[in-house]
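Engineer: Can you read through this structure? Questions will come right after.
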Amino acid sequence: MDWSNLLTNVAGELFAPTTAAFALAAIGLNVHFGLTGLLNMGQAGFMLLGAYGFAIATIAGWPLWAAVGAAVAAAVAFAVLLGIPTLTLRGDYLAIVTIAAAEIVRLVGRSTALTDVTGASNGLLGNSFKQTFQDASPFPDGSFALGPFSYAINASNSWWLRLVGWAVVVLAALLVWRLMRSPWGRVLKGIREDEDAVRSLGKNVFGYKMQALVLGGVLGALAGILYVLPRAVQPDSLGRPTTFYVWTILLLGGAATVFGPIIGSMLFWASLMLIKGFMRAVVPSDVMSVAQIEAFGWILVGVTLMALIIFRPQGILGDKKELAIHVR
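Be aware that the sequence shown starts at 1, since it is given in UniProt numbering, and climbs by one per residue.
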């Protein structure tokens, strides 16, 4: 077994574009759940809308900044449309509605009636919308090696994408850190603990919930852009499982913390790479095929999520006194 190659791949996952994308999506979910107590089970919907908004606008000839603006606008519109009828719901009811809303986005993207726009189930090819992002790089084309890690500078899975992706993650974490310590953030925490008490103080609880839903959704849309830049926009790749991955990442690192989503994403993807790589090397193909090993890795994700909820609901960095996971 080539431990050197395996450990290099695992270490590469710690700062991969996918890791950054899911860290950003988990930061958005942290605004929803960690700060406000909203059981949003449809974060994948915001990610898919962001991906489609960016890709469709770019294909239409929009510049990079306008395409990102289109993705953000799509997330804001979706949050408002979703929030107006649902933010009065609590607990399980909100979770059911949000996961259904995300499924609607996915199914609309798969619709053959919109093949010319979304590509239906085949999606949108990466080469049709990546050029503006790659052209924005100040670095020359080619490849660059840093220790054992060698990637293209400006291509799909590139150093440029890693630099931009993690810069956005850091900025989002700083924003959440500042908001958590602001009067606005303290109101959100009050809503999380007892929204009736906050309402009795004259605060517009619905308005604050809507603001949190929009902010977390925008971060989810930006995460969707980062997620599809190394690949294509395919609706099924951002389906229901994606939301559960984001939840696992958030709960692993610790909800209501600044760096919990980042640590959670790094551990999640690095551990998954380690498990799958180790099993491929040591498990004979007549015992488990590659596809079965892939499925077994995701089974472990589900078991991990259940174990977190049971034994350490506050996560690695979380404080049990700060956040108790319960359904009101």
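Beta carbons are placed, not taken as given, at the ideal position from N, Cα and C, and that holds for glycine.
#1: Are Leu-14 and Ala-223 closer than 7 Å when you measure CB to CB?
#2: Starting from Ala-145, follow its DSSP beta bridges and name the residues at the other end.
#3: Looking at the secondary structure, which residues open and close the alpha helix (DSSP H) in which Leu-226 lies?
#4: Taking 7 Å as the cut-off, decide whether the C-beta atoms of Val-176 and Val-258 are in contact.
#5: What are the partner residues of Leu-64, as DSSP defines its beta bridges?
#6: What are the boundary residues of the alpha helix (DSSP H) that Thr-18 is part of?
#7: Near Ala-21, what residues of its chain come up, given a Cβ to Cβ distance below 6 Å and the 5 sequence neighbours on each side ignored?
#8: Compute the Euclidean distance between the alpha carbons of Ala-67 and Leu-49, then round it to the nearest angstrom.
#9: List the DSSP bridge partners of Ser-121.
#10: Given a cut-off of 7 Å, decide if Gly-126 and Gln-234 are closer than it, judged by their beta-carbon atoms.
#11: Go through its chain and collect everything with a Cβ distance to Met-266's Cβ below 7 Å, but skip five positions before and after it.
#12: Could you check the C-alpha separation between Gly-28 and Trp-166 for me, to the nearest Å?
#13: What does a CB cutoff of less than 6 Å around Ile-325 pick up in its chain, not counting 5 residues either side in sequence?
#14: Excluding the 5 residues preceding and the 5 following Arg-328 in the sequence, name in chain order all residues of the same chain whose CB lies nearer than 6 Å to its CB.
#15: Within the stretch 40-117, note down every full alpha helix (DSSP H) run reaching 4 residues or more, in order along the chain.
#16: Output the residue ranges of the alpha helix (DSSP H) runs that lie fully inside the stretch 234-284 and measure 4 residues or longer, sorted by chain position.
#17: Less than 7 Å between the C-beta atoms of Ala-73 and Gly-220, yes or no?
#18: Judging by CA-CA distance, which residue of Ala-256, Gly-264 and Phe-78 is the nearest neighbour of Glu-193?
Structural biologist: In terms of the structure at hand:
#1: Cβ atoms of Leu-14 and Ala-223: not closer than 7 Å.
#2: DSSP lists Ser-150 as partners of Ala-145.
#3: Its alpha helix (DSSP H) spans residues 205-228.
#4: Yes. Within cutoff.
#5: DSSP lists no partner for Leu-64.
#6: Element bounds for Thr-18: 17-29.
#7: The answer, listed in chain order, is Ala-223, Leu-226 and Tyr-227.
#8: If you take the alpha carbons of Ala-67 and Leu-49, they lie about 12 Å apart.
#9: Beta bridge pairing from DSSP links Ser-121 with no other residue.
#10: For Gln-234 and Gly-126, no; Cβs fall outside 7 Å.
#11: Excluding residues within five positions, the ones whose Cβ falls inside 7 Å are Leu-14 and Thr-19.
#12: Each residue's Cα considered, the two are about 15 Å apart.
#13: Any answer about Ile-325 is weak, because its pLDDT of 49 lies below 50 and its placement is not dependable; what the coordinates show is given next. Correct list, in chain order: Pro-313.
#14: With a pLDDT of only 43 at Arg-328, under the threshold of 50, the placement of this residue in the model should not be trusted; the figure read from the coordinates follows. Answer for Arg-328: Arg-90 and Gly-91, listed in chain order.
#15: Runs of the alpha helix (DSSP H) lying entirely within the stretch 40-117, each at least 4 residues long, are 43-59, 64-86 and 92-110 in chain order.
#16: Runs of the alpha helix (DSSP H) inside the stretch 234-284: 240-253 and 260-282.
#17: One thing to note: Ala-73 has its Cβ no nearer than 7 Å to the Cβ of Gly-220.
#18: Distances from the alpha-carbon of Glu-193 to those of Ala-256, Gly-264 and Phe-78 put Ala-256 closest.
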